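A short write-up of the structure that comes next.
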Amino acid sequence: MILDSINQELKESLKNGDSEKVGVLRMLKSAIKNTEIEKQADFSKKDVVLTLRKEAKKRQDSIKLFQDNGRQELANTEQRELEIIQAFLPSAMSEDDLNVIIDQVVKETNAATISDMGRVMQAVMQKAGDAADGSMVSNLVRSRLQ
0 MILDSINQEL KESLKNGDSE KVGVLRMLKS AIKNTEIEKQ ADFSKKDVVL TLRKEAKKRQ
60 DSIKLFQDNG RQELANTEQR ELEIIQAFLP SAMSEDDLNV IIDQVVKETN AATISDMGRV
120 MQAVMQKAGD AADGSMVSNL VRSRLQ
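Dropping the structure here:
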């Protein structure tokens, strides 16, 4: 499981003295534990993946803000943290694979306008599972329905 991988990587990083990686991994464990406490009984691997995606999204937003404000050194730090987080995420679906699923769902639901986006998004995310990035799916569905 992902949490086991994080724990193993944390042990190795502690032994190697990689303080930056140790900090990121401890933050991930904390975020996962907080999600587990919030969810209580229904905690699953999917929740771990969603938590990791949320943390990765935070880093991506920070990188963009730091770059826009000329703080490249902070953007580089956030980029390194993002790379550590992404190492534990399942590989994301390609845009082509997502387009195939989107086309299939649009045909199944007879979606034609942007007002059908919610139904299409829900069906695509169910079919794609953990491998789909929500923002990419949203952009692709929006462009398909316009």
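Those letters in the sequence shown? Residues 0 to 145, by numbering that gives the first Met the number 0.
By construction, the Cβ of each residue, glycine as well, lies at the ideal position given by its N, Cα and C atoms.
Since this is a predicted model, take the numbers as computed values, not measurements.
Exercise. Cα separation between Gln7 and Asn75?
Worked result: Each residue's alpha carbon lies about 25 angstroms from the other.
Exercise. Just checking my contact of Leu139 with Glu82 at CB under 8 angstroms: how many whole Å lie between their CB atoms?
Worked result: Not a contact, Cβ separation roughly 25 angstroms.
Exercise. For Lys20, which option in Arg143, Lys56 and Gln85 has the closest C-alpha, if you only look at C-alpha atoms?
Worked result: Minimum Cα-Cα distance from Lys20 among the listed residues Arg143, Lys56 and Gln85 corresponds to Gln85.
Exercise. From Asp67 to Lys57, what distance separates their C-alpha atoms?
Worked result: Straight-line Cα distance between these residues: approximately 15 angstroms.
For this session: For Glu80, count neighbouring Cβ atoms within 10 angstroms of its own Cβ and tell me buried if that reaches 16, exposed if not.
Result: Classification for Glu80: buried.
Problem set entry | Distance, Thr34 Cα to Leu64 Cα | A straight-line Cα-Cα distance of about 26 angstroms links Leu64 and Thr34.
Exercise. What number of angstroms, rounded off, separates the C-alpha of Gly69 from the C-alpha of Asp41?
Worked result: Computed Cα separation, rounded: 43 angstroms.
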